[in-house]
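Structure, as structure tokens:
There are 2 protein chains.
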Amino acid sequence: MKQAAFTLNGRIWIDVDGEKMLGHGRVELMERIQASGSIRQAALQMKMSYKQAWDLVNHINSHFESPVIISQRGGKGGGSAVITAEGQKLIQQFHHLQQKFNLFLRENSGSFSF
Amino acid sequence: MKQAAFTLNGRIWIDVDGEKMLGHGRVELMERIQASGSIRQAALQMKMSYKQAWDLVNHINSHFESPVIISQRGGKGGGSAVITAEGQKLIQQFHHLQQKFNLFLRENSGSFSF
DNA sequence: TAGCGTTATGTTTTTAAAAATATAACGCTA
DNA sequence: TAGCGTTATATTTTTAAAAACATAACGCTA
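As given, the protein sequences belong to chains F and L, one line each in that order.
The first sequence runs contiguously to residue 1103 in the numbering used here.
The second sequence runs contiguously to residue 1103 in the numbering used here.
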């Protein structure tokens, strides 16, 4: 085949006890929950099942003493979910790291000479 | 649950046309092929099937005008495989990038304050 | 020239991941 | 108080990935 453009790519995430706790997808999920106030709406927007979204939410929360995504069922609108201040800090800091990482990728993408 | 040690983690790889071409696993495979002179031995060492290893080798080679892993069947020992100079450069440069990335991860692992 | 160990390749089977389905609980609202 | 839309959760089904299996080709070596 042909030798096209080589680009450096990658992913970062946050581990707890060697287990993945937060990455790009989960951060996006949290953001959409915050924007919509609903796990279901966030799931629909990201084209995942409600179950999958809820499992992720649950998994994230399990790593904190008090949940960073707080949800309740029933009531006006059928239920709702919000992101705590701590959770928002989480999002913010992940974005900051992601930005630095993107820079890293760009800076090093040109270092090939095959 | 409890709020344990957060650590930054990640992976990098090299893309061609938006498709993954080379990452940590494939580099290790190439190194083991070089060390043993055999795709089969490399596969055994990495606990993958020969087929899987060969598919990876094939996939890597398909991205270059001339293969970076050259193999032949029959003959002394039943067959053999070698890594070209170009392939060795590939390995070297990936390692260099990986080293820089490891530094990035370490440097940024402490930037949490939840 | 028969056998050996490897490369090369296709097919089948198994396993794991993802998706789909089902259902209960809940608290507002009409 | 019946209904709505959501959260919460378990179970089943489907799909995709991985593994296993099978077989041919090859060129040395004995």
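Positions of the beta carbon are idealized from the N, C-alpha and C atoms, including for glycine.
Everything numeric in this text was worked out from a predicted model, so none of it was measured.
Query: Which chain F residues are close to Trp1002(L), counting only those with a beta carbon under 7 angstroms from its beta carbon?; Result: Asn998 and Gly999
Query: Can you tell which of Leu1086(L), Val1005(L) and Val1057(L) has its C-alpha closest to the C-alpha of Leu1018(L)?; Result: Val1057(L)
Query: If you measure from the beta carbon of Leu1086(F) to each beta carbon in chain L, is any gap under 8 angstroms?; Result: yes
Query: What three-state label does DSSP hand Ser1060(L) in the structure shown?; Result: strand
Query: Any residues in the segment 1064-1093 of chain L with a beta carbon nearer than 8 angstroms to a beta carbon of chain F? Which ones, in chain order?; Result: Glu1075, Lys1078, Leu1079, Gln1082, His1085, Leu1086, Lys1089, Phe1090 and Phe1093
Query: Does any C-beta atom of chain F lie closer than 8 angstroms to the C-beta of Val1005(L)?; Result: yes
Query: Using a Cβ-Cβ distance under 8 angstroms, would Ser1100(L) count as near chain F?; Result: yes
Query: Between the segment 1037-1057 of chain L and chain F, which residues of the former have CB atoms less than 8 angstroms from a CB of the latter, in chain order?; Result: Ser1051, His1052, Phe1053 and Glu1054
Query: Beta strand (DSSP E) containing Phe995(L): first to last residue?; Result: Phe995 to Val1005
Query: Excluding the 5 residues preceding and the 5 following Asn1003(L) in the sequence, name in chain order all residues of the same chain whose CB lies nearer than 6 angstroms to its CB.; Result: Per the sequence presented here, residue 1003(L) reads as Ile, with Asn not at that position. Cβ neighbours of Ile1003(L) beyond the five flanking positions: Met1010 and Leu1011.
Query: Contact check, Ile1028(L) vs Ala1070(L) under 8 angstroms by CB: the rounded distance?; Result: 5 angstroms
Query: With Ser1098(F) and Thr996(F) assumed to form a contact (beta carbons below 8 angstroms), what rounded beta-carbon distance in angstroms separates them?; Result: 5 angstroms
Query: Have a look at Glu1096(F) and Gln1077(L) and give me their C-alpha separation to the nearest angstrom.; Result: 23 angstroms
Query: For the segment 1005-1054 of chain L, list the alpha helix (DSSP H) runs that are entirely contained and at least 4 residues long, ordered along the chain.; Result: 1013-1025, 1028-1034 and 1039-1050
Query: According to DSSP, is Gly1099(F) part of a helix, a strand, or is it coil?; Result: coil
Query: Is the separation between the beta-carbon of Arg1021(F) and that of His1013(F) shorter than 8 angstroms?; Result: no
Query: Compute the beta-carbon to beta-carbon distance between Ala1032(F) and Gln1041(F), rounded to the nearest angstrom, for a pair I have assumed lies under 8 angstroms.; Result: 7 angstroms
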